[in-house]
Amino acid sequence: MDLTRMMIACNIPLAKVEQPEFINFFEKHCGKRLPSRTTLTKCMEEECETICSKIKEQLKEKDILYS
């Protein structure tokens with residue numbers, strides 16, 4: 001999830017995790033394999049759902065309109 005947040009915050013397309021040089025860099029310097037783009041996308045979608053739920057909960061008792 002941290003990797004997904006970092007890539008989104010830095011405006012790095014998630015597809016970059018499929019580039020050989022990106023993969024080699026992370027394996028060399030972090031000693032870990034990167035998750036696939038589809039896994040990162042799923043994490044991003046789950047995080048968005050969590051954030052939206054929190055916002056809706058905070059706004060639940062407010063007198064505003066949202067959709």
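Just so you know, full-length UniProt numbering puts 65 at position 65 of the sequence shown, and the rest follows in order with no gaps. Virtual Cβ for every residue (Gly too), placed ideally from N, Cα, C.
Arg5, DSSP secondary structure in three states
Three-state result, Arg5: helix.
For Leu59, count neighbouring C-beta atoms within 10 Å of its own C-beta (all shown protein chains included) and say buried if the count is 16 or more, exposed if not.
So Leu59 ends up on the exposed side.
Thinking C-beta only, is Lys16 closer than 8 Å to Phe25?
At a Cβ-Cβ threshold of 8 Å, Phe25 and Lys16 do not count as neighbours.
According to the neighbour-count rule (16 or more other Cβ atoms, all chains shown, within 10 Å of its Cβ), is Thr4 buried or exposed?
The residue in question, Thr4, is buried, as its Cβ has 16 or more Cβ neighbours within 10 Å.
Report the option in Thr50, Thr41 and Ile64 whose CA atom is closest to the CA atom of Glu18.
Of the residues Thr50, Thr41 and Ile64, the one whose Cα lies closest to the Cα of Glu18 is Thr41.
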